[in-house]
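Down below is the structure, laid out as structure tokens.
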Amino acid sequence: MENIDIGKKIEQQRKEKGLTSKELAKMADITPSMLSQIERGSANPSIQTLKVLAKALDVPTFSFLLEDTNTDDLIVRSHKRKKMIIDNLSYEMLSPDFTGNLATAIMTIPPNTASSENVLEHKGEELAFVLEGKITLHLNEEEYILETGDSVKIPAYLKHKWNKYAKQLPTDNQYKNSPFRKHIKHASSSSS
């Protein structure tokens, strides 16, 4: 955990509200010199003083205690992506990590490979976008073919798996004559 500069946060909020040190000190019923010491980091405010300052600035007290986000840590350069291989699947992280509510990755599925033997479910939603090629997606008992540019949202705990076959999956014309057409639904024409 990095040091939290409460004084800087108070000063920043004060300036955003267009208040002078003297005005804020009066509103918070503290001396201007005490406020100056707090903002410079040479004095630590009590919890009560933080509450009064927060009320005067119309911000939640906890906002002074939050760590600043290092925006450099939010950028993932293409040549510095974290890569993982699980079984035969390759994942390139597009998110910096797995924290928060959103994690994104590029999953590469080699030919004749499935994401798992059986359909699996897990916590957290997925949003998938097919960058290139065709892939078979199993959602519960249904099977869909996704092609370049298609996407799918998979809700949390919905059983699913991915398959990629070595041979090209049938084109639309081949699909119409395919013996599998009764069992395979195109994502764009699915109906429930």
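As numbered in the numbering used here, the sequence shown has no gaps in its residue numbers, which increase by one up to the final residue, 683.
Virtual Cβ for every residue (Gly too), placed ideally from N, Cα, C.
query: Using only alpha-carbon positions, find the residue among K542, E608 and I497 that is nearest to V518.; result: Contrary to the premise, residue 518 reads as Met rather than Val in this sequence. For the residues K542, E608 and I497, the minimum Cα distance to M518 belongs to K542.
query: State buried or exposed for Q504, treating a residue as buried only when at least 16 other CB atoms are found within 10 Å of its CB.; result: buried
query: For K571 versus E583, is the C-beta distance shorter than 8 Å?; result: no
query: Cutting at 7 Å between CB atoms, please list the residues of its own chain near L510, excluding the five before and the five after it.; result: none
query: For I626, which option in E616, E638 and E632 has the closest C-alpha, if you only look at C-alpha atoms?; result: E638
query: Got a sec? Which residues, its chain only, sit under 6 Å from D588 by beta carbon, not counting five neighbours each side?; result: none
query: Terminal residues of the continuous alpha helix (DSSP H) containing I538?; result: I538 to L548
query: Starting from the C-beta of I495, find all residues in its chain whose C-beta is less than 7 Å away, skip the five residues before and the five after it, and write them out in chain order.; result: L556 and E558
query: Please work out which residues of its chain come closer than 7 Å, Cβ to Cβ, to A647, disregarding the five sequence neighbours upstream and downstream, and give them in chain order.; result: K614, G615 and E616
query: For the region 590-633, list the beta strand (DSSP E) runs that are entirely contained and at least 3 residues long, ordered along the chain.; result: 596-599, 617-620 and 625-630
query: Relative to the alpha-carbon of L548, which residue among S527, K500 and A605 has its alpha-carbon at the smallest distance?; result: K500
query: Which of the three DSSP states is assigned to S533 in this structure?; result: coil
query: Would you give the residue range spanned by the alpha helix (DSSP H) that I521 belongs to?; result: Counting along the chain, I521 falls outside any alpha helix (DSSP H), and DSSP gives it neither H nor E.
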